[in-house]
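In our numbering, the protein residues as written are 9 to 397. Report on one structure; see the data block that follows.
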């Protein structure tokens with residue numbers, strides 16, 4: 009196998025998606041069947057899951073001690089351990105604690121993985137590579153879903169063994185990657201301090217609303233499938249399977265498409281589509297139509313590649329690691345609060361939860377109009393013209 013930094017990025021992405029997708033697809037059924045969760049408890053759990061994302065800016069301080077590549081692998085190992093022990097704690101407090109452990113590894117890995125991607129991949133190739141990485145995520149998720157069928161349906165093992173087997177498999181893969189790949193150079197020496205620059209304000213706001221909107225999709229759209237339409241584990245798995253097959257087939261093409269039409273047009277298409285989908289969630293009464301909306305929703309999120317490539321084009325190369333850390337925190341400001349608050353609102357009106365999601369998408373659409381057609385370090389926004397400071 010070729011020992012290139014791009015290959016390492018793809019393989020680490022594969023391991024992350026393999027392990028996390030199994031945790032995610034089983035979560036709603038596991039917490040309802042084993043811990044008797046309602047919308048309030050799942051909202052609190054998802055808020056707790058996002059707290060490490062809110063604290064992602066602390067990654068920049070850890071980089072004072074560790075190289076980014078080493079930090080990414082250690083974070084990935086922590087994610088696999090958190091998933092491996094999840095099934096052994098089927099109580100409210102136990103699930104909260106294992107979720108936090110898993111989430112620390114997940115969010116630190118995602119922060120550093122994005123930073124390394126923008127440093128190791130050329131600007132001209134970034135959109136296409138990120139589309140390819142989405143396809144690898146999808147292939148890993150499909151492998152995870154196949155393992156659910158083998159372990160839970162064919163071998164008739166319970167949730168705790170499903171989580172344990174996939175988590176330990178992921179840990180073994182991380183150990184192999186650590187020994188196989190050398191330390192790669194990072195290019196520009198990165199700033200080792202928290203950085204907030206005025207010229208990145210549009211990127212920060214797009215990231216904020218992306219995090220807020222993503223929570224409604226991840227938490228409440230999936231929860232609706234189980235609570236309102238009575239989807240079983242096999243049906244939820246099938247739905248996720250369809251999502252990832254679609255991504256596997258179309259994500260590379262979406263990456264290339266973004267490279268051709270530009271970030272502004274790509275994000276405009278995404279946000280218009282999300283406004284329609286979230287509004288439709290509020291009124292859907294047929295389980296098949298709800299599933300179709302869920303698949304379209306998941307596919308549109310692939311267009312969010314454009315936020316990353318927009319930042320890569322406007323950023324000082326030395327700012328990438330520090331800004332990725334800060335942007336993950338910004339992404340999770342709303343994510344920490346929204347699941348818990350909307351979990352309570354869900355008890356009274358699930359329609360309002362999805363109307364709020366449509367409102368977030370509308371805010372993002374307005375912001376997208378301010379992206380230049382050809383963003384660069386000298387032109388980050390259309391207005392104000394003198395935002396270059």
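Just so it is clear, CB atoms sit at the ideal spot from N, CA and C, and this is done for glycine as well.
Residue 223 versus residue 58: straight-line alpha-carbon distance, rounded: 9 Å
7 Å CB neighbourhood of residue 397 in its chain, flanking five on each side removed: For residue 397, the predicted model reports a pLDDT of 48, less than 50, meaning its position is unreliable and no value from the coordinates is stated.
Reduced DSSP secondary structure (H/G/I, E/B, other) of residue 387: strand
Range of the contiguous alpha helix (DSSP H) that encloses residue 143: 131-156
Among 329, 382, 127 and 379, the one whose alpha carbon lies nearest that of residue 69: 329
Whole-angstrom distance between residue 100 and residue 94, CA atom to CA atom: 11 Å
Classification of residue 115 by the beta-carbon crowding that lies within 10 angstroms, buried from 16 upward: buried
Through-space distance from residue 250 to residue 31, alpha-carbon basis: 17 Å
Backbone secondary structure at residue 62 - three-state DSSP: helix
Residue 181 burial status per 10 Å Cβ neighbour count (16 or more: buried): buried
Completely contained beta strand (DSSP E) runs for the segment 297-383, where each covers 3 or more residues: none
Integer-rounded CB distance, given that residue 314 should sit under 8 Å from residue 274: 4 Å
Straight-line Cα distance separating residue 386 from residue 50: 44 Å
Beta-carbon proximity of residue 306 to residue 219, cut-off 7 Å: no
Which of helix, strand or coil DSSP assigns to residue 397: Confidence at residue 397 is low in this model, with a pLDDT of 48, below 50, so the placement of that residue should be treated as unreliable; the coordinate-derived value is given next. Residue 397: coil per DSSP, three-state reduction.
Cβ-based neighbour list, residue 165, same chain, cut-off 6 Å, excluding 5 preceding and 5 following: 159
C-beta atoms of residue 271 and residue 379 nearer than 7 Å: yes
Per-residue burial, residue 296 [other beta carbons within 10 Å of its own, 16 or more giving buried]: exposed
Of the residues 40, 157, 138 and 175, the one placed nearest residue 26, counting alpha carbons only: 175
Run of the alpha helix (DSSP H) containing residue 118, from where it starts to where it stops: 100-128
Counted within 10 angstroms of its Cβ, other Cβ atoms place residue 252 as buried (16 or more) or exposed: buried
Residues of its chain near residue 136, where Cβ-Cβ distance is below 8 Å and the 5 sequence neighbours each way are ignored: 260, 263, 264 and 267
Check whether residue 326 and residue 118 have beta carbons under 7 Å apart: no
Whole-angstrom C-beta distance between residue 200 and residue 53, which should lie under 8 Å: Not quite, the Cβ-Cβ distance comes to about 33 Å (not below 8 Å), so this is no contact.
Where residue 188 falls: helix, strand or coil (DSSP): helix
Reduced DSSP category for residue 25 - H, G, I as helix; E, B as strand; rest coil: helix
Residue span of the alpha helix (DSSP H) that contains residue 211, given as start and end: 209-223
Contact belief for residue 344 with residue 55 at Cβ below 8 Å, rounded distance in angstroms: 6 Å
Cutoff 6 Å; reference residue 320; Cβ partners in own chain excluding five residues on either side: 126, 131 and 134
Distance CB(residue 290)-CB(residue 359) smaller than 7 Å: yes
Span of the alpha helix (DSSP H), counted from its first residue to its last, around residue 255: 241-269
Residue 15 - DSSP class collapsed to helix/strand/coil: helix
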